[in-house]
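Novice: Note that the protein sequences, when read in sequence, are chains V, A and R. Heads up, the first sequence is in the working numbering, so the first residue is 43 and it goes up one at a time. Heads up, the second sequence is in the working numbering, so the first residue is 82 and it goes up one at a time. Heads up, the third sequence is in the working numbering, so the first residue is 3 and it goes up one at a time.
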Amino acid sequence: MGLLQFITRRLMLSLLVLFGVATIVFMLTRIIPSNPASLYLGPRARPAEIAEINAKFGFDKPLIEQYGQFLKGLARGDLGNSLATKRPVTKELGSRLAATLELMSVAMLLAVIVGIPLGVLSTRMRGRLGEAIVRVATVVGVSLPPFWLGLLLQLVFVHALGWLPAAGRVDGSLRFTAPITSITGLNLFDTLVTGNFVAFYDAFRHIVLPALTLAAYPIGLITRMTRAAMIEVVSQDYIRTARAYGVAERRVLNHFALRNAVGPTLTVIGLTLAFMLTGTFYVEVIFAWPGLGSFTVRSFLNVDYPSILGMTLFGAAGYVLANLVVDACQALIDPRMRLA
Amino acid sequence: MFAGSLASAATEAMPEARAGGNEYAGGPDSGNEYAGGPEPGNELAPQRSTWQRALAILKRDWLAVFGIFFVLLLLLVAVFAPQLAPYPTMGEGRSSVSTRMQPPSAEFVMGTDRLGRDVLSRLIYGARPALIAPLIVVLLAVLIGAPLGAIAGLAGGWVDEVIMRICDLFLAFPSLLLAMAIVALQGPSLVNAVIALAVSWWPWYTRLVRGVAHSLSRQAFVEAARALGAREPKIMFRHILPNSVTPILVQASLDMGTVILATTGLAFIGLGSQPPAADWGLMIEDGRALLRNAWWTSTFPGIAIFLSVLSFNLVGDALRDLFDPKEYR
Amino acid sequence: MRKPSTLVRLALLVFTAVVVGVVSAQSSTVLRVASTAAVTTWDPSLSFSTEAFYMANLYEPLIWANAAGSDEQFTPALATSWELSDDGLSWTFHLRDGVKFHDGETMDADAVVRSIERHKAIGGAAFIWEPVDKIVAVDDLTVRFDLKYPTPLDLVVASSNGAWIVSPAALDAAEEDASYFEAGIAAGTGPYMLAEYQPDAEVVLRAFPDYWGGWGDVEHFENVVIRIVSDAVLQEQMLLAGEVDLALSLPVTSYQSILDNPAYNVQTVVTPYSYLGFLNTLRAPLDDVRVRQAIAYAVPYLDLIAVGAEGFASQARGPVPQGIFPWSEEIPQYHQDLEKARALLAEAGHEGGGFTLHLTYSAENAIERAFAPVLADGLAEIGIKIEIEPLLWNQQWAVAKDDPENAQDIFLVLYWPTISDAGSDNLWTMFHSSDAPYFNLSYWKNDKFDDLVDEAIKLTGTDRDAAQALYLDAMDIVYDEAPGLFFFDYGGWFAIPTYLAGYEYNVNYPFATFFYPLHLAN
């Protein structure tokens with residue numbers, strides 16, 4: 043089937059899936075003994091006030107009715123208000139999205155910049171010590187607990203060496219000395235574009251450790267994938283032909299082999315995005331990064347229903363979208379994919 | 082999700098374009114990556130038996146040996162924890178206020194934690210949840226997922242569609258997110274974490290087995306069995322499931338590492354094991370405030386988690402190498 | 003020699019850039035703070051939680067309460083003087099002249115009346131105004147409170163919650179739109195204005211130029227940037243790395259290393275926080291007072307203080323925290339005595355223990371998390387097994403209130419009084435009988451205790467000593483009947499960098515930090 047048909051079909055399926063996700067999580071949030079009203083009002087809420095809040099938000103209505111309300115709100119794009127911050131959940135998500143996107147992009151960039159060349163390099167060193175080292179390094183990368191790695195990096199680079207800051211996106215006093223004009227919300231980009239190099243430098247220093255922590259697993263994954271893909275491709279006939287014709291090894295690898303290894307690498311990138319979504323939970327908590335990850339963890343710990351729902355939906359939607367894009371790219375490259 | 086295995090990567094990549102054989106390894110992640118292996122293109126190498134190949138792998142790949150050794154060690158420690166731990170009561174959680182936060186010494190080889198408990202003993206007892214919880218998660222996931230996958234693959238048609246859509250539904254969540262939601266709402270505990278993770282994990286095995294069933298059902302001997310009047314369940318049990326064992330084994334061993342990270346991660350956030358249980362993730366979180374003054378409380382559990390995940394990954398790699406028919410091409 | 007590849011060169015560049023760090027220095031105009039204080043609401047009436055941290059800098063009450071042992075009990079704020087009528091039913095406050103709100107409005111009696119009426123109507127801490135019958139603006143600068151019964155109203159108007167004076171213009175706007183304040187609006191008279199607010203991330207305060215207290219005496223900070231960091235460990239790192247000047251929640255385990263650090267002065271303070279445990283008096287075997295007393299004798303009090311508070315606590319005397327009325331050294335307390343405990347258990351028919359109790363604590367509370375296992379171990383000594391279940395505070399409380407018969411056996415809780423009166427707060431709120439449990443989570447019912455406390459509350463406004471005596475009698479009953487276990491009064495400590503001066507902790511406002519007095523030391 044054509045690419046367009048493929049995408050359309052997948053899109054519809056995705057919507058169905060998201061609907062199911064929303065329903066499941068909604069049911070989960072409503073079936074437990076908790077007290078959303080006291081989260082809203084604070085730890086000393088009096089019974090009368092609790093009753094009032096329950097009535098106001100409909101927490102005491104039957105499940106079906108609440109579900110109906112929820113669906114109606116969803117259709118409007120309204121996910122309700124966070125019980126903790128009293129602001130619309132969509133606003134909370136929106137205000138934090140840029141921070142997480144920035145972190146994920148930098149980590150992804152790092153993973154790709156380090157991973158792909160490393161994977162290619164290791165195929166050139168077949169049978170030698172270098173290859174073994176790379177293999178160990180990649181397996182180590184995918185085995186390190188991200189929450190522990192973050193702590194270690196903090197211990198070394200913040201405490202012991204004092205080179206890097208411990209937390210946050212920018213220094214607290216920066217807003218007075220070199221304020222950032224926010225265009226996209228991505229600090230690195232905004233500061234570069236407006237020529238604010240002091241702020242760029244500060245933002246950069248703050249993102250190094252969190253991005254490194256987040257990138258460890260993807261680096262391992264991407265390196266292995268590239269390497270495996272390269273090996274697979276290198277053993278193909280046409281490669282041998284190119285070699286027989288005297289094409290330089292370097293060109294053989296970079297030009298022929300790499301191009302064909304891109305497909306499965308895309309898959310891994312898709313998977314990496316999924317990992318990163320959950321990796322941000324740990325990283326943002328450890329480095330107090332004001333993004334979606336830390337917000338999600340806090341919402342879960344507070345049992346802040348609307349936020350939990352919103353974040354889960356959002357995460358699922360993002361994941362589904364990423365998968366869709368990856369699959370579409372692959373379908374583009376490999377027509378066999380479309381035989382779905 | 083934490084799909085640490087490239088096998089599942091391959092499964093994701095080409096769900097339909099499978100050319101038969103072991104689909105789980107149908108992607109380019111297979112292949113001979115080990116140093117000193119046969120040169121690519123050495124198609125003339127003779128086929129050896131599984132045992133012979135296993136031995137060959139062990140001989141040349143010391144990492145695999147290390148992995149297997151450590152997994153066995155872990156198993157041993159988990160089973161014989163009360164005998165191996167120098168202070169078993171401390172391992173179970175009994176506090177000892179007089180011996181708080183002591184650095185490693187002859188008396189307490191890895192030091193003591195905030196409640197005065199011997200870190201080594203806690204580490205040993207922590208091997209139990211670290212090993213058993215993921216084992217249960219994977220087991221549950223396989224028990225739920227594999228039969229569903231076989232049914233989907235064999236039946237085809239709308240049964241297949243329905244099961245796959247339900248799979249998609251669960252796969253749409255990053256599994257940790259779903260697990261966190263379930264645990265947060267049901268109450269933080271290791272049991273809830275295990276259930277939550279199992280609920281998120283089974284779709285992978287469904288897809289796996291479905292792939293096997295799909296390809297096998299097109300093969301001649303299954304057609305023959307059908308022609309001879311064999312009923313579907315029989316086919317499932319006699320042909321599909323046994324043929325799924327090896328890919329499931331590979332996937333499972335790779336998943337163990339990922340699930341260990343998930344359970345300890347949940348404990349770290351506060352949504353898994355609760356004090357005074359001995360859980361490595363919990364120990365890291367407890368020791369976090371002490372990182373500067375009492376580094377041993379967080380560091381050793383971290384190393385333990387790392388080595389465990391590492392060895393399961395290595396074993397999974399070795400298994401995949403073992404069962405991959407494309408090893409010699 | 004081969005040229006290093008671009009990758010290597012890039013890596014070197016990154017490396018050097020990272021190492022040659024510009025450490026942001028502390029400045030004289032910006033104070034950088036790390037705090038755990040989350041904002042649940044910006045509404046000065048509804049506010050009843052951690053946002054008091056900010057509120058105390060944005061708003062002011064009529065008078066501030068001073069710490070126990072000060073020369074004066076109160077410091078005038080928006081009221082310069084006050085008097086009590088002879089019958090104790092009327093309090094008159096004389097207001098300060100020439101005070102402006104952040105939005106330019108003038109502070110007068112009308113503003114006071116409207117603010118307090120709003121607090122009384124919808125406030126989170128509305129109950130503190132319960133004794134007030136009428137509030138009258140006698141003239142522009144005089145306000146009179148008419149009470150239903152004698153009450154220490156000076157303590158009430160100095161409350162850390164629900165006593166802020168708000169600009170009438172803002173009150174008008176809030177009447178139109180109930181969530182007027184939530185966007186991040188503050189309309190008080192305090193020294194700082196709310197400049198910026200990013201939820202769970204940052205709060206920025208800016209000096210209010212027309213503040214009645216003036217800015218000339220010392221070099222106050224023009225801007226305060228508060229980063230909301232819920233993690234004590236992270237706060238410590240930020241402080242030591244110089245990213246913040248003040249970190250208000252440091253891990254208690256770091257006390258010694260910071261004490262040894264010459265860059266910081268450490269202040270230790272008495273806080274109104276206390277840790278206690280409710281025993282479920284409705285259920286066997288805890289319905290037997292001897293069992294309860296046995297448990298009280300078995301608690302390893304000193305161990306709890308060592309583990310939970312790293313020594314920063316003193317053992318509690320009843321439910322009243324040290325330093326807050328009606329605390330007194332005469333209040334009896336238990337000490338660990340395993341022999342007595344075992345004897346009592348045997349007497350009650352539970353020789354050697356042999357039963358299991360279900361304990362809940364708040365999963366978010368690191369201190370409870372630390373000492374709950376130690377408590378369990380202590381009780382194990384007399385043969386009682388404890389099942390520990392951490393629940394998120396909301397859930398823990400919900401479970402305890404919904405179904406007392408089937409709720410927990412032991413409920414660990416951190417408590418503090420809303421106003422500086424732990425008789426009408428702690429004693430009454432936690433142990434006065436109530437039909438629908440609110441904070442009486444031992445579900446205890448004792449008429450004699452109820453009567454004593456009710457009477458004492460009435461007397462506090464007029465005859466404090468008599469009230470104290472009655473409270474002492476009431477606490478004797480609590481001691482004998484042991485509906486609760488009283489662990490420790492939590493002390494606090496703060497690490498103040500040597501370059502910072504003016505930090506003072508006020509036990510009556512435990513959630514707040516006052517930025518106005520802070521300045522660079524010379």
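Positions of the beta carbon are idealized from the N, C-alpha and C atoms, including for glycine.
1) With DSSP run on the structure shown, which of helix, strand or coil describes E120(A)?
2) Between the Cα of L393(R) and those of G353(A), W377(A) and V146(A), spot the shortest distance and give me the residue it belongs to.
3) Check whether the Cβ of P264(R) lies closer than 8 Å to any Cβ atom in chain A.
4) Would you decide whether H320(A) is buried or exposed? Buried here means 16 or more other CB atoms lie within 10 Å of its CB.
5) Quick one: what's got a C-beta closer than 8 Å to T226(V)'s C-beta in the same chain, skipping five residues either side?
6) Which value, in whole angstroms, describes the spacing of the CA atoms of G486(R) and A359(A)?
7) How far does the beta strand (DSSP E) with K136(R) in it extend, from its first residue to its last?
8) Applying a beta-carbon distance threshold of less than 7 Å, which residues of chain A neighbour P253(R)?
9) Return the bridge partner residues of F147(R) from the DSSP annotation.
10) If you measure from the beta carbon of S176(A) to each beta carbon in chain R, is any gap under 8 Å?
11) When we look at the beta-carbon of R292(V) and count the other beta-carbons within 10 Å, is it buried (16 or more) or exposed?
12) Which residues in the same chain as L60(V) place their Cβ atom closer than 8 Å to its Cβ, once the five residues preceding and following it in sequence are excluded?
13) Got a sec? Which residues, its chain only, sit under 7 Å from H352(R) by beta carbon, not counting five neighbours each side?
14) So, helix, strand or coil for M195(R), using DSSP?
15) Is it right to say L315(V) is buried, meaning 16 or more other beta carbons lie within 10 angstroms of its own, or is it exposed?
16) So does L520(R) have its beta carbon nearer than 7 Å to some heavy atom of the ligand FMN?
17) Give me the Cα-Cα distance between G354(R) and L381(R), rounded to the nearest whole angstrom.
18) Do A265(A) and V345(V) count as a contact pair if the criterion is CB distance below 8 Å?
19) Return the first residue and the last residue of the beta strand (DSSP E) that F496(R) is part of.
20) Using the Cβ count rule (16 or more neighbours within 10 Å means buried), how would you classify A409(R)?
21) For a test of the three-state rule: what should DSSP assign to R208(R), helix, strand or coil?
22) When you compare the segment 137-150 of chain A with the segment 384-400 of chain A, are there three or more beta-carbon pairs, one atom per stretch, that lie closer than 8 Å?
23) Do V480(R) and F441(R) have their CB atoms nearer than 8 Å?
24) With a threshold of 8 Å between beta-carbons, can H201(V) be considered close to chain A, or not?
25) Are the C-beta atoms of A407(V) and some chain R residue less than 8 Å apart?
26) Would you please verify whether the beta carbon of S47(R) is less than 8 Å from any beta carbon of chain V?
27) For a contact defined as C-beta to C-beta under 8 Å, what are the partners of N374(A) on chain R?
28) Beta carbons nearer than 8 Å to chain R: which residues of the segment 347-358 of chain A have them?
29) V168(R) versus chain V: which residues are under 8 Å apart at the beta carbon?
30) Tell me which same chain residues have a C-beta within less than 8 Å of the C-beta of V401(R), skipping the five on either side of it?
31) Who are the Cβ neighbours of I130(R) in its own chain at under 7 Å, not counting the five residues just before and after it?
32) Going along the segment 325-353 of chain R in order, which residues come within less than 7 Å of chain B, judged by CB to CB distance?
33) Tell me the DSSP secondary structure of L308(V) in three-state form.
34) Can you tell me whether L154(A) is helix, strand or coil according to DSSP?
35) So is K460(R) buried or exposed if we call it buried at 16+ other beta carbons inside 10 Å?
36) Between A209(V) and L236(R), is the Cβ-Cβ spacing less than 8 Å?
Specialist: Taking the definition as stated:
1) Here residue 120(A) corresponds to residue number 39 of the second sequence, with the count starting at 1. Low per-residue confidence applies at E120(A): pLDDT is 41, beneath 50, and the placement is therefore not dependable enough to give any value.
2) Stepping through the third sequence from its first residue, residue 393(R) is reached at position 391. Relative to the Cα of L393(R), the nearest Cα in the group G353(A), W377(A) and V146(A) belongs to G353(A).
3) Taking the third sequence and counting its residues from 1, one reaches residue 264(R) at position 262. No, no contact with chain A.
4) Position 239 of the second sequence, counted from the first residue, corresponds to residue 320(A). Under this definition H320(A) is a buried residue.
5) The residue labelled residue 226(V) in the question sits at position 184 within the first sequence. Closer than 8 Å at Cβ, skipping near neighbours: A140 and D232.
6) In the third sequence, counting from the first residue as 1, residue 486(R) sits at position 484. In the second sequence, counting from the first residue as 1, residue 359(A) sits at position 278. CA-CA distance, G486(R) to A359(A), rounds to 30 Å.
7) The residue you call residue 136(R) lines up with position 134 of the third sequence. Looking at the DSSP string, the run of the beta strand (DSSP E) that includes K136(R) is V134 to D141.
8) Counted from its first residue, the third sequence places residue 253(R) at position 251. Within chain A, the residues near P253(R) are A370.
9) To locate residue 147(R), count along the third sequence from 1; it is residue 145. The secondary-structure analysis by DSSP pairs F147(R) across a beta bridge with W93(R) and I137(R).
10) For the purposes of this step, residue 176(A) is taken as the residue at position 95 of the second sequence. S176(A) counts as touching chain R.
11) Counted from its first residue, the first sequence places residue 292(V) at position 250. Burial is judged here by how many other beta carbons sit within 10 angstroms of a residue's own beta carbon; R292(V) has fewer than 16 and is exposed.
12) As a first step, residue 60(V) must be located in the first sequence, where it is residue number 18. Scanning its chain for C-beta atoms nearer than 8 Å, with the 5 sequence neighbours on each side dropped, one finds around L60(V) the residues L355, A358, A359 and V362, in chain order.
13) Here residue 352(R) corresponds to residue number 350 of the third sequence, with the count starting at 1. Annotation for H352(R): P287 and V293 place their beta carbon closer than 7 Å to its own, counting only its chain and skipping 5 residues before and after.
14) Reading the third sequence from its first residue, position 193 is the one you call residue 195(R). In the structure shown, M195(R) adopts extended strand secondary structure according to DSSP, grouped into three states.
15) Residue mapping note: residue 315(V) aligns to position 273 of the first sequence, counting from 1. Flag for L315(V) reads buried.
16) This structure does not include the ligand FMN; it has no bound ligands of any sort.
17) For the purposes of this step, residue 354(R) is taken as residue 352 along the third sequence, with counting starting at 1. For the purposes of this step, residue 381(R) is taken as residue 379 along the third sequence, with counting starting at 1. The alpha-carbon atoms of G354(R) and L381(R) are separated by roughly 11 Å.
18) Walking along the first sequence from the start, residue 345(V) turns up at place 303. Walking along the second sequence from the start, residue 265(A) turns up at place 184. A contact, by the Cβ cut-off of 8 Å.
19) Position 494 of the third sequence, counted from the start, is the residue given in the question as residue 496(R). Going by DSSP, F496(R) is part of the beta strand (DSSP E) stretching over G486 to P499.
20) Against the third sequence, residue 409(R) aligns to sequence position 407. Buried: at least 16 other Cβ atoms inside 10 Å.
21) If you number the third sequence from 1, residue 208(R) lands on position 206. In the structure shown, R208(R) sits in a strand (DSSP, three-state: E or B).
22) Three or more Cβ pairs drawn from the segment 137-150 of chain A and the segment 384-400 of chain A lie within less than 8 Å of each other, which places the two stretches in contact.
23) Sequence index remark: in the third sequence, residue 480(R) carries index 478 (1-based). Sequence index remark: in the third sequence, residue 441(R) carries index 439 (1-based). In this structure, F441(R) does not lie closer than 8 Å to V480(R) by Cβ.
24) One-based indexing of the first sequence puts residue 201(V) at position 159. Put simply, the CB of H201(V) is near chain A, with a gap under 8 Å to one of its CB atoms.
25) Limits of chain V in this structure are 43 at one end and 382 at the other, which puts residue 407(V) out of reach.
26) Within the third sequence, numbered from 1, the residue matching residue 47(R) stands at position 45. Any Cβ of chain V closer than 8 Å to the Cβ of S47(R) would place that residue at the interface, and such an atom is absent.
27) Here residue 374(A) refers to the residue found at position 293 when the second sequence is read from its first residue. Near N374(A) (Cβ distances below 8 Å), the residues of chain R are T255, S256, Q258 and S259.
28) Against chain R - using a Cβ distance shorter than 8 Å - the residues of the segment 347-358 of chain A are G351, Q355, P356 and P357.
29) Here residue 168(R) corresponds to residue number 166 of the third sequence, with the count starting at 1. Within 8 Å Cβ-Cβ: nothing; V168(R) doesn't reach chain V, min ~18 Å.
30) Working through the third sequence from its first residue, we reach residue 401(R) at position 399. Result list for V401(R): T362, L393, A409 and Q410, in chain order.
31) Here residue 130(R) corresponds to residue number 128 of the third sequence, with the count starting at 1. The residues V158, S161, G164, T420 and I421, in chain order, have a CB closer than 7 Å to that of I130(R) in the same chain once the five nearest residues on each side in sequence are set aside.
32) Given the protein chain composition of this structure (V, A and R), no chain B is represented.
33) Your numbering for residue 308(V) matches position 266 in the first sequence. In the displayed model, L308(V) falls within a helix according to three-state DSSP.
34) As a first step, residue 154(A) is located in the second sequence; it is residue number 73 there, counting from the start. The answer is helix: DSSP assigns L154(A) an H, G or I state.
35) Within the third sequence, numbered from 1, the residue matching residue 460(R) stands at position 458. The residue in question, K460(R), is buried, as its Cβ has 16 or more Cβ neighbours within 10 Å.
36) Counted from its first residue, the first sequence places residue 209(V) at position 167. Counted from its first residue, the third sequence places residue 236(R) at position 234. A contact, by the Cβ cut-off of 8 Å.
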